[in-house]
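Q: Per this note's numbering, the sequence shown starts with residue 175, numbered consecutively.
Built from N, CA and C at the ideal position, the CB exists for glycine as well.
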Amino acid sequence: MSNQSVQTVSTSNDKIKVVLAIAIAIVGVIGFYYLSDKPALVRAGALVAGLAFAVLILWTSSTGRDFLNFAKEAVRETKKVVWPTRREATQITGIVFAFVLVMAVFLWGTDKTLEFLLYDVILGIRK
Numbered sequence: 175m176s177n178q179s180v181q182t183v184s185t186s187n188d189k190i191k192v193v194l195a196i197a198i199a200i201v202g203v204i205g206f207y208y209l210s211d212k213p214a215l216v217r218a219g220a221l222v223a224g225l226a227f228a229v230l231i232l233w234t235s236s237t238g239r240d241f242l243n244f245a246k247e248a249v250r251e252t253k254k255v256v257w258p259t260r261r262e263a264t265q266i267t268g269i270v271f272a273f274v275l276v277m278a279v280f281l282w283g284t285d286k287t288l289e290f291l292l293y294d295v296i297l298g299i300r301k
């Protein structure tokens, strides 16, 4: 059996479409900030229109379709995650804070012990 990797070759047309989609998305974001004196609905419309048009152009390229399918799969996978309850999240957060506090006290104690040994006992600098 051979373990050769398969590479997808994208045409220059696909690359142009991806670059164009990125440029249109950037124009939508710039339009959102450029229209700062307009109502929020107009600003949001410019942003959404730019992003939607970019997605449509991206969908016409094979690279873009692969990326959008990957994004859909990622969203689908996050829906399968079992999220902790509020109580579990609070308990885990408390454990993390307690561990950080214990480690801080341990490191402070280690630092002070080494400081005492080095400066007072070995070097005799402090009195």
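#1: DSSP three-state call for residue 242: helix, strand or coil?
#2: How is residue 287 classed by DSSP in three states: helix, strand or coil?
#3: Thinking C-alpha only, which one of 194, 191, 196 and 223 is nearest residue 205?
#4: Would you grab the beta carbon distance between residue 221 and residue 203 for me? Rounded to a whole angstrom, and I think it's under 8 Å.
#5: By a C-beta neighbour count over all protein chains shown, 10 Å radius and 16 as the cutoff for buried, is residue 232 buried or exposed?
#6: By the three-class DSSP mapping on this structure, what secondary structure does residue 185 have?
#7: What is the rounded straight-line gap between the Cα of residue 283 and the Cα of residue 277?
#8: What's the gap between the Cα of residue 290 and the Cα of residue 281?
#9: Could you tell me whether the stretch 186-193 touches the stretch 234-254, where touching means 3 or more Cβ pairs closer than 8 Å?
A: So, from the data block:
#1: Within the sequence shown, residue 242 is the residue found at index 68, counting from 1. Looking at residue 242 - three-state DSSP - the assignment turns out to be helix.
#2: Taking the sequence shown and counting its residues from 1, one reaches residue 287 at position 113. Three-state DSSP puts residue 287 in a helix.
#3: The residue labelled residue 205 in the question sits at position 31 within the sequence shown. Nearest option by C-alpha distance: 223.
#4: As a first step, residue 221 is located in the sequence shown; it is residue number 47 there, counting from the start. As a first step, residue 203 is located in the sequence shown; it is residue number 29 there, counting from the start. Going by Cβ atoms, the distance from residue 221 to residue 203 rounds to 6 Å, so yes, they are a contact pair.
#5: Counted from its first residue, the sequence shown places residue 232 at position 58. That one is buried.
#6: Against the sequence shown, residue 185 aligns to sequence position 11. Note: residue 185 maps to coil in three-state DSSP.
#7: Reading the sequence shown from its first residue, position 109 is the one you call residue 283. Reading the sequence shown from its first residue, position 103 is the one you call residue 277. For the pair residue 283 and residue 277, the Cα-to-Cα distance works out to about 10 Å.
#8: By 1-based counting over the sequence shown, the position of residue 290 is 116. By 1-based counting over the sequence shown, the position of residue 281 is 107. Whole-angstrom Cα-Cα distance: 14 Å.
#9: yes
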